[in-house]
Every structure is written in structure tokens, then in C-alpha cells.
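FYI, in this note's numbering the residues of the sequence shown are 9 to 318.
Think of the CB as a built atom: it goes at the ideal place given N, C-alpha and C, for glycine as much as any other residue.
First comes the structure, then the notes that go with it.
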Amino acid sequence: GHSSIRELLRMARRVASSEAPTILIQGESGTGKDLLARVIHYQSKRANSPLVELNCTAVPETLLESELFGHEQGAFTDAKKMKRGLFEIANKGTILLEEIGEIPQPIQVKLLKVLEDRRLRRVGGLKNIAIDVRVIATTNRDLIAETKAGNFRTDLFYRLNVITLLIPPLRERKGDILLLTKYFLNRYNHQFHRNIKSLSKEAEKLLINYNWPGNIRQLKNVLERIMILEDTEELLPDHLPYEIQSYTGDEAHAQAFIKLPHIGLKLGEVEKNLINQALDYTEGNQVQAAKLLGISRDALRRKMIKFKLI
Numbered sequence: 009g010h011s012s013i014r015e016l017l018r019m020a021r022r023v024a025s026s027e028a029p030t031i032l033i034q035g036e037s038g039t040g041k042d043l044l045a046r047v048i049h050y051q052s053k054r055a056n057s058p059l060v061e062l063n064c065t066a067v068p069e070t071l072l073e074s075e076l077f078g079h080e081q082g083a084f085t086d087a088k089k090m091k092r093g094l095f096e097i098a099n100k101g102t103i104l105l106e107e108i109g110e111i112p113q114p115i116q117v118k119l120l121k122v123l124e125d126r127r128l129r130r131v132g133g134l135k136n137i138a139i140d141v142r143v144i145a146t147t148n149r150d151l152i153a154e155t156k157a158g159n160f161r162t163d164l165f166y167r168l169n170v171i172t173l174l175i176p177p178l179r180e181r182k183g184d185i186l187l188l189t190k191y192f193l194n195r196y197n198h199q200f201h202r203n204i205k206s207l208s209k210e211a212e213k214l215l216i217n218y219n220w221p222g223n224i225r226q227l228k229n230v231l232e233r234i235m236i237l238e239d240t241e242e243l244l245p246d247h248l249p250y251e252i253q254s255y256t257g258d259e260a261h262a263q264a265f266i267k268l269p270h271i272g273l274k275l276g277e278v279e280k281n282l283i284n285q286a287l288d289y290t291e292g293n294q295v296q297a298a299k300l301l302g303i304s305r306d307a308l309r310r311k312m313i314k315f316k317l318i
């Protein structure tokens, strides 16, 4: 597989040196959008000015406007004193708006106006304040679909969409998986005083095969957990979580995981064994265990009774 991290960093450098006032970064959750945004800021001419970050999902709608644009004293009940918003604080620098797709329509209108006029009014204020801020917006939604559905304003989308960077999910960047694994192992070896020097071929295969729904963040968490739990020099399949060891993608791979000994075995034993493994893995959570096994919770309970596991 090709490695696209290097390409992305190259693009980030090019984008950083451009004068584009807005940059949109699209990608699934956990793909490293914020990291890329920081790279862009610190490689740009604005590197010595503030980088201000806001996760749009973290602020309730009622407070979002004053968070972004500030408010004057007495603008609303709790506005005891004047407060500068993040756009003012980020002046001459960069503002990173994470998950821009989540902002409610009324704020979308105000944001568009600020981007167009390069000036803002604090909530409850009358004077226009000039600002010079580069906006980097990230989203894990498909904003084109969101505009078609009427959730996101088309005019704001076009305003943000001057330069768009698309970060593909980890499963489409097979070449990056081992690169990142080695990078994180190296980093965590220092942090946790471990000495994992290598990956077994089997472990490599499993990591590359897996579909990583949580992307880089998930890979990072998996490796961090191994570092905390295992004291080993070689990372083996057994060190990996069950969902990675057992991931098949499609049924064709499933055979590889259950080897039939030449003396044969009883199907019931295999079933009982798998149920035990699933329950072990989910720490006894039957709903999750049933999900892992691809059966309903009722079916799982019936089998548990049959095999005297209850």
C-alpha cells in the first residue's frame, strides 16, 4: 500500500506557506485532523502568533456565539463583564474549529459574515472590530451531503472550501500502518521504559489486515495498552486485542483462525470455547459478547445454559 502521511505533510507545508484564509480538513474520527491543522499553523508565517482551538461539539449552542465572538458587559444575564471571543484572541494567528459541521445554522450565518467582512461584533456590542485570522476547520462529516440535506449552509461551505485536505481513513493507507506502529512503539518504549524491538510477521499481518474503525487514535490506544500490560521484546499476535486477532473482514478468512486437529474435535467444544473467549474479552458483558459472536443476546443465553456457563 502507498504511504500518504508523507504526502499529507508535504501538502500541509505547501498550504501553510500559501495565503489561503480558510482551510478545510475532512476525515473520519481519529485520523489526525487536529494534528495536521497544528502542523499547518506552525509551518506558516503565523507560527509566532496564537493558535486557538475550539471543538464545536463541546460548547452548548447558547454559549457558542459568545465563545467565538465575545460579548459586551450585560449582553445577557450572566455577562458580568466584557469578554473577548476566540476570534479576537487568535488575531494575527490561526483559529482551529474542530467539527465545524456541528455548528447550528444561526451561528453559521454569523461565522460566514465574520469570514467575509474580516470584522466582528461582540454579542451585545455595536462597534465592528477588525480581525486578521486564518481559519482551519475540520469535519468528520461529508459536508457536501450535509449542504444537500440542508444542515449546512452552501455559502459557508464554499467560503471554507478554498483549500480542502482529505485525510483518508487508516484502512485505506495500509502503507502507513506499520510506519505509525513503529513510530508509536518507539515513543512508548521511552515513555513506559519498555523494550519492544520488533513485530512478528503474524502480528504485522493482523495489524495491516484490520479495518481500524477508530483510525490512528485506535492504533495508538491499542499500542499504549500493550505497553502497559506486556513486558516483551517482540510484539506477538497474542498481545493484540481480540477484535484484531479475530478480524476476518469476510468469512473466507475465518478458517485460518480455527485449525482442525487430525484427531477431529467436537463442534460443541469449539462453540463453548469461543463463547468463553468472547465473554472473557468483554469482561462478562453478554450484549457485547453476542455482538462479537454475531448472534443475538437471547441465542447467547440459550447456549450459555446449554453449556452450563450460567
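>> Once the 5 residues before and after ILE234 are set aside, which same chain residues still bring their CB inside 6 Å of it?
In response: Within the same chain, Cβ atoms closer than 6 Å to the Cβ of ILE234 are found at HIS247, the five residues on either side in sequence being excluded.
>> Could you tell me the alpha carbon to alpha carbon distance between ARG21 and GLY292, rounded to whole angstroms?
In response: Between the alpha carbons of ARG21 and GLY292 lies a gap of roughly 48 Å.
>> Alpha carbons only, please: which of TYR196, ASN219, GLN253 is nearest the one belonging to ILE236?
In response: Of the candidates TYR196, ASN219, GLN253, the one whose C-alpha sits nearest the C-alpha of ILE236 is TYR196.
>> List, from N- to C-terminal side, the beta strand (DSSP E) runs of 3 residues or more that fit wholly inside the stretch 75-131.
In response: 102-106
> With DSSP run on the structure shown, which of helix, strand or coil describes ILE13?
Replying inline: helix
> So which of GLU251, ILE252, LYS314 has the shortest CA-CA distance to LYS280?
Replying inline: LYS314
> Sorted by chain position, which residues of the same chain lie with C-beta nearer than 7 Å to ASN99's C-beta, five sequence neighbours on each side aside?
Replying inline: ILE139, ASP140, VAL141
> Does DSSP put ARG233 in a helix, a strand or coil?
Replying inline: helix
> For the candidate residues GLY38, LEU317, TRP220, LEU128, whose alpha-carbon lies nearest to that of ARG149?
Replying inline: GLY38
> How is ASN63 classed by DSSP in three states: helix, strand or coil?
Replying inline: Looking at ASN63 - three-state DSSP - the assignment turns out to be strand.
>> Considering only DSSP beta bridges, list what GLY35 is partnered with.
In response: ILE175
> Across which residues does DSSP place ILE139 in a beta bridge pair?
Replying inline: Answer is none; ILE139 lacks a bridge partner.
>> Would the stretch 157-170 count as touching the stretch 27-46 if we require 3 or more Cβ pairs under 8 Å?
In response: yes
>> Going by DSSP in three states, LEU321 sits in which element: helix, strand or coil?
In response: Nothing about residue 321 can be read from this structure; the chain reaches only from 9 to 318.
> Can you give the Cα-Cα distance for ILE33 and ASN223, rounded to whole angstroms?
Replying inline: 16 Å
> Among the residues of its own chain, which have a CB less than 7 Å from the CB of GLU75, if the five just before and after it don't count?
Replying inline: For GLU75, where only same-chain residues beyond five positions count, the Cβ hits under 7 Å are LEU62, VAL67, GLY93, LEU94.
> Can you tell me whether DSSP reads LEU243 as helix, strand or coil?
Replying inline: strand
>> Among GLN51, GLU36, LEU164, whose alpha-carbon lies nearest the alpha-carbon of LEU17?
In response: The closest CA to that of LEU17, considering only GLN51, GLU36, LEU164, is found on GLN51.
> If we count the other Cβ atoms within 10 Å of its Cβ and call it buried at 16 or more, is HIS49 buried or exposed?
Replying inline: buried
> So what does DSSP say about ALA298, is it helix, strand or coil?
Replying inline: helix
>> With DSSP as the reference, identify every bridge partner of SER206, one or two as the case may be.
In response: GLU242
> Any idea if PHE84 is buried or exposed, counting beta-carbon neighbours within 10 angstroms, 16 or more meaning buried?
Replying inline: exposed
> Which one of GLU107, LYS53, GLU96, ALA87 has the shortest CA to CA distance from THR65?
Replying inline: The closest CA to that of THR65, considering only GLU107, LYS53, GLU96, ALA87, is found on GLU107.
> Based on the DSSP output, what are the partners of ALA145 in its beta bridges?
Replying inline: According to DSSP, which records beta bridges pairwise, ALA145 is partnered with LEU32, LEU105.
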